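So in the numbering used here, the last spot in the sequence shown is 320, and the numbers never skip.
Structure first, then comments.
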Amino acid sequence: MRKVDRAEIALQVMTGLGKTEAALLQELESLGRMVAAAKEEIAAMRVENVDATHLPAATDELDEVVKSTADAANEILDACEALENLQPSLSGAAAETVGACVTRIYEACAFQDITGQRIGKVVNALKQIEQRVRETTGRYAPSAALPARSAPPRTEGERLANGPQPMAAASSQAEIDALLASFG
């Protein structure tokens, strides 16, 4: 006959659970604490910056790339059309060279459609990621407000070196002229 521990007897009387069931209950409670801690860690990652700032900015930038590429391709095609109109006034070899070059340019301009399609796929993927991040962070909201993290300080050069801006955020020519006039 096995020796019965007083704690085990007390546990059985109070809960009606045996030693195995009590151990299982303790394990489940431990897993529950681990899941709660994981939820807090996910919430502490501050992914709201990703879904609120970074991903939308990335998709906007890619949309601008597609637009700029289309605009550039249209300019190239307009120049090709001007060369085609000029071609009849040229003689022999010059006319053939212009014609061959214009044809090569037309063929090369197919890049715009292909890159637009590929970038469109990336934009769609980013939007799906953004949605999943939003769903995940909504599910695992922190139980207490976490202190806001501040962005690391940037030098003036880093603030100015943002590359091309979306048209909506770009400075107007009047603003640029006023800035240049302020240097003189």
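Just so it is clear, CB atoms sit at the ideal spot from N, CA and C, and this is done for glycine as well.
Bear in mind that the values here come from a model prediction, so they are computed numbers and not experimental data.
On a CA-only basis, which of Cys-237, Ile-255, Ala-229 is nearest Ala-218? Give me that one, please. Cys-237
Quick check: the region 164–172 against the region 208–222, are at least 3 beta-carbon pairs closer than 8 Å? no
Under a Cβ-count criterion, where at least 16 other Cβ atoms within 10 Å of its own Cβ denotes burial, should Thr-195 be classed as buried or exposed? buried
Give the DSSP-derived three-state secondary structure of Gly-256 in the structure shown. helix
Could you check whether the region 198–205 touches the region 264–271, counting it as contact only if at least three pairs of C-beta atoms, one from each stretch, sit closer than 8 Å? no
Start and end residues, alpha helix (DSSP H) containing Arg-191: Note that residue 191 corresponds to Leu in the displayed sequence, not to Arg. Per DSSP, Leu-191 belongs to the alpha helix (DSSP H) from 191–222.
Which same chain residues, not among the five before or five after Thr-251, have their C-beta less than 7 Å away from its C-beta? Thr-205
From what residue to what residue does the alpha helix (DSSP H) around Cys-237 run? 228–244
Cα-Cα, which of Ile-312, Lys-175, Gly-256 is closest to Leu-198? Gly-256
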